[in-house]
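In what follows, a single structure is set out as structure tokens and then discussed.
Numbering (UniProt numbering), first residue to last: 1 to 121.
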């Protein structure tokens, strides 16, 4: 069995770079996407072990992307990340099937705990 694969989706290149370093430091392969549409296209040919998905992105929001993932019958664990905590965001994400909602910046301890929770660490 190969290394677990984690996909990170965020429109901020600095967040993608930081998350890639963090995920790879935890002995996981990491693929990054700048848009939800790009990530959804990737799901046609591959399924990751975990998706880390930004809530607030231009175009389709993270919750809309998550809803599309679930409508396709894909049950990959999805963790939502957000830099802006608004009332109702966490409830909406959880209602759409997110495993958890984390505030940015996301730290190694948080990612490690998620990986352990889903049996990848």
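Even for Gly, the Cβ is constructed at its ideal location relative to N, Cα and C. Here the structure is a predicted model, which means the values were calculated and not measured.
Residue i: first and last residue of the uninterrupted beta strand (DSSP E) it sits in
{"i": "residue 30", "result": "29–33"}
{"i": "residue 45", "result": "No beta strand (DSSP E) contains residue 45, which DSSP labels as neither H nor E."}
{"i": "residue 80", "result": "78–82"}
{"i": "residue 120", "result": "Taken as a continuous stretch (DSSP letters only), residue 120 belongs to no beta strand (DSSP E), as it is neither H nor E."}
Nearest residue (CA-CA) to residue i, options the options
{"i": "residue 46", "options": "88, 61 and 6", "result": "6"}
{"i": "residue 123", "options": "90, 12, 106 and 24", "result": "Residue coverage of the chain in this structure runs from 1 to 121, which leaves residue 123 outside it and unanswerable."}
{"i": "residue 12", "options": "51, 83, 72 and 88", "result": "83"}
Close beta carbons around residue i, own chain, < 6 Å, minus the five adjacent residues each side
{"i": "residue 109", "result": "none"}
{"i": "residue 19", "result": "8"}
{"i": "residue 10", "result": "16 and 54"}
Own chain residues within Cβ distance below 8 Å of residue i, not counting five before or after
{"i": "residue 49", "result": "4, 5, 6, 28, 76, 77, 118 and 120"}
{"i": "residue 40", "result": "65, 68 and 69"}
{"i": "residue 59", "result": "35, 36 and 37"}
{"i": "residue 93", "result": "55, 62, 63, 66, 80 and 101"}
{"i": "residue 24", "result": "30"}
{"i": "residue 74", "result": "43 and 47"}
Whole-number beta carbon distance between residue j and residue i, since they are thought to touch under 8 Å
{"i": "residue 81", "j": "residue 55", "result": "7 Å"}
{"i": "residue 8", "j": "residue 32", "result": "5 Å"}
{"i": "residue 85", "j": "residue 103", "result": "6 Å"}
{"i": "residue 115", "j": "residue 26", "result": "6 Å"}
Host alpha helix (DSSP H) of residue i (start-end)
{"i": "residue 99", "result": "First-last for residue 99: undefined, no H or E at that position."}
{"i": "residue 114", "result": "108–117"}
Neighbourhood of residue i by C-beta, 7 Å cutoff - its chain only, sequence neighbours within 5 removed
{"i": "residue 21", "result": "none"}
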